[in-house]
Ligand code: GLA
């Protein structure tokens, strides 16, 4: 059975009770919430300025509270998994008194948001946080906390209301105060999520296109592996560094600008290469130098030849670009990382198109390709996630399945026919050696203010 998600009303009521209990039976006056997310496809593309296709979930973080007269910023979390103490009094940041990270860890998201809030100074306040987003599950509990808290602060002291700038401020909080160099996907979809839709987000322009997910015959099933490997954040930063290195070797501002051909040209395994964009040249080249050319491979519309460097002097017609020699430096690992990102950006666009056209088989196939790439090229999957994907794919009625989010544990997302849900859950439970939990992914609204009356 899929887990029951507490309703928004229940969360608000829990938060209100706790607030009253802690603060002399006073009722909170303002409330806000923001959702977690699941990404359907496009992982590790956001910090490469590529495309992602996430949806906001009905799992949310709720913040209730009131302004207070002093300079206090008292916040209490109801989360059992948060480190102690659960109640903090944070100093209000202002110019000359920035907010620094510290202990407890859970409060760093709040310190970061106050630090990056776009309309300082803030008045004093008291607040309580509750959440139905499972912590550390890869469903963006941290982004939902950041965005919910920012939305709460907007009621205390409004900023200009720019939603994209709000998501960027929340991302900054995660960078500076939680130490995770994340992309923009989680915060952006938590702000902009739309009921009944996923969002195809261009992480360069930060524009998003809603993709309707309204077919009642289909379900997106989230399976939480309930494992989280400690490597997750150090490996994330490492991957990001490898992508930046690849882009710089390729001479591109980001991997969004790189093509498969750029990559093949620069892979050290191929040695110096020449590109001929007009395939009719091939026969001339072969006639002239066939004996000296060992192999060539066909890549899209370009032919790539490994050639000894001395040929270049003789053939001015096909001259190498000036940076070609220096670019032939991508080591195997960097090559594979870049290869995943370039492929995943294309897959995300193709997948969004397939879904819009109702080609669910095709969408499912692309999901599996994405998983394999994250497993083999980007190396951010793990046995638990691979097993969950395999178990889902055995079931009739399942279109596709893949790990979702940063990886090293967390969740998978599976597209299936609605009538296959019970047998899918059953098969996963039988096949998976761990203890999975399941959620039906309901595409939901982004952050919002809640009326307490
Ligand atoms: C984490 C990050 C996101 C994104 C995903 C991988 O969730 O917070 O920015 O990079 O990993 O797609």
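In the working numbering, the protein residues as written are 5 to 457.
Note that CB positions come from ideal geometry on N, CA and C, so glycine has one too.
Between the ligand GLA and residue 183, a heavy atom-to-CB distance of less than 7 Å is absent.
Each residue's CA atom was taken as its position, placing residue 148 and residue 238 some 22 Å apart.
Measuring C-alpha to C-alpha distances from residue 207 to each of 120, 358, 385, 193 identifies 193 as the nearest. Looking only at 205, 335, 235, 154, the smallest Cα-Cα distance to residue 115 is reached by 154. When distances are taken from the beta-carbon of residue 376 to the heavy atoms of the ligand GLA, even the shortest one reaches 7 Å or more.
Cβ-Cβ separation between residue 60 and residue 442: approximately 19 Å, too far for a contact (criterion under 8 Å). Fewer than three pairs of CB atoms, one per stretch, sit closer than 8 Å, so the region 168–185 makes no contact with the region 134–142. By the Cβ test, the region 341–349 is in contact with the region 36–53, since at least three Cβ pairs between them sit closer than 8 Å.
Under a 10 Å Cβ-count criterion, residue 69 is classified as buried, with 16 or more other Cβ atoms of the shown protein chains found around its own Cβ. For residue 247, no beta strand (DSSP E) segment is defined; the enclosing uninterrupted segment is the alpha helix (DSSP H) at 236–254. Taking 8 Å as the cut-off, the Cβ atoms of residue 62 and residue 448 count as close. Between the ligand GLA and the CB of residue 48, the shortest heavy atom gap is smaller than 7 Å.
The beta carbon of residue 181 sits closer than 6 Å to those of 105, 112, 115, 116, all from its chain and outside the five residues before and after it, given in chain order. Counting along the chain, residue 405 sits inside the beta strand (DSSP E) bounded by residues 402–408. For the pair of segments examined, the region 118–126 was found to touch the region 88–107: the number of CB pairs separated by less than 8 Å reaches three.
DSSP places residue 368 inside the alpha helix (DSSP H), whose first and last residues are 364–380. Cα atoms of residue 398 and residue 227: separation of roughly 15 Å, rounded to the nearest angstrom. Cβ neighbours of residue 256 within its own chain (closer than 8 Å, five residues either side excluded): 262, 266. In this structure, the CA atom of residue 342 is about 11 Å from the CA atom of residue 378. Its chain contains 410 as the residues whose beta carbon lies nearer than 6 Å to that of residue 240, once the 5 sequence neighbours on both sides are disregarded; these appear in chain order.
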